[in-house]
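In my numbering, the protein residues as written are 7 to 238.
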């Protein structure tokens, strides 16, 4: 999705112009997106929410075995009302700032960056990113707040969902595909096994009710019905 990441700076981008667009061609090869817990309710109505084979970060699936995002229409529009934050953040992203020599233990810092090749910056006319005095305009300020909030929420979600792997309630989900004239089983991701969840001790279940994880599990299970959209 990002092809040319640059730190947003007054020196380099003083004359840069930004235009909001509703063309999502940049995401045609994005096959899934990480989700924060705050996105589950809306996302579950349109996407299958699953878990990677080697990670506990919840993801919204945009396809199964096709290597193209099936939620993008031919005209570049998104086909359902809710668009995950991972997509909406584009063309902005946070990147780690390298620590100065001798300061390895300092707190990790991030800088606001852009994809310089994004179509949002292709026109000579549009909204400025910096004032004549070199101050970042509301476009960059709002993008920074959005990214910081998303990063914090995603981190909390990852920690919460890590308990699913620790309690061994995630199981692999496979589908059968035709390959070279034969039916092959392909393991794509993991889902929650409700049988294993129901067998957990009362203390764990009570904890998951209080911290909201059980609610996320139920939305996840409900969302799996959206996998049918890829097989029609």
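For every residue, glycine included, the Cβ atom is placed at its ideal position computed from N, Cα and C.
{"query": "Assign residue 177 to buried or exposed, taking buried as 16 or more other Cβ atoms, counted over all protein chains shown, within 10 Å of its Cβ.", "result": "exposed"}
{"query": "Starting from residue 120, trace the beta strand (DSSP E) both ways and give me its first and last residue.", "result": "115-121"}
{"query": "Have a look at 214, 223 and 77 and flag the residue whose alpha-carbon is nearest the alpha-carbon of residue 53.", "result": "77"}
{"query": "For residue 157, tell me which candidate among 224, 100, 207 and 8 has the shortest Cα-Cα distance.", "result": "100"}
{"query": "According to the Cβ coordinates, are residue 56 and residue 194 closer than 9 Å?", "result": "yes"}
{"query": "So, residue 69 versus residue 38, is the Cβ gap smaller than 9 Å?", "result": "yes"}
{"query": "Report yes if the C-beta distance between residue 98 and residue 149 is below 9 Å; otherwise report no.", "result": "yes"}
{"query": "Between the Cα of residue 282 and the Cα atoms of 127, 234, 180 and 170, which residue gives the shortest distance?", "result": "This structure cannot speak to residue 282, because the chain is shown only from 7 to 238."}
{"query": "Would you please verify whether the beta carbon of residue 54 is less than 9 Å from any beta carbon of chain C?", "result": "No chain C is present in this structure, which holds just one protein chain."}
{"query": "Could you tell me whether the region 114-129 touches the region 20-35, using the rule of 3 or more Cβ pairs below 8 Å?", "result": "yes"}
{"query": "Just mark residue 45 as buried or exposed, buried being the case when its beta carbon has 16 or more other beta carbons within 10 Å.", "result": "buried"}
{"query": "By Cβ distance, which residues of its chain are closer than 8 Å to residue 199, with the 5 residues on each side in sequence left out?", "result": "175, 176 and 177"}
{"query": "For a test of the three-state rule: what should DSSP assign to residue 227, helix, strand or coil?", "result": "helix"}
{"query": "What did DSSP end up calling residue 133 once you bin it into helix, strand or coil?", "result": "strand"}
{"query": "Bridge partners for residue 213 per DSSP, in chain order?", "result": "DSSP, once it has assigned bridges, lists no residue as partnering residue 213."}
{"query": "Measuring CA to CA, which of 154, 43 and 84 is closest to residue 224?", "result": "43"}
{"query": "Just curious, the beta strand (DSSP E) that residue 102 is in, first and last residue?", "result": "98-103"}
{"query": "Under the three-state reduction of DSSP, which class applies to residue 142: helix, strand or coil?", "result": "strand"}
{"query": "From residue 215 to residue 171, what does the alpha carbon distance come to, in whole angstroms?", "result": "17 Å"}
{"query": "Given this structure, state the Cα-to-Cα distance separating residue 232 from residue 49, to the nearest angstrom.", "result": "10 Å"}
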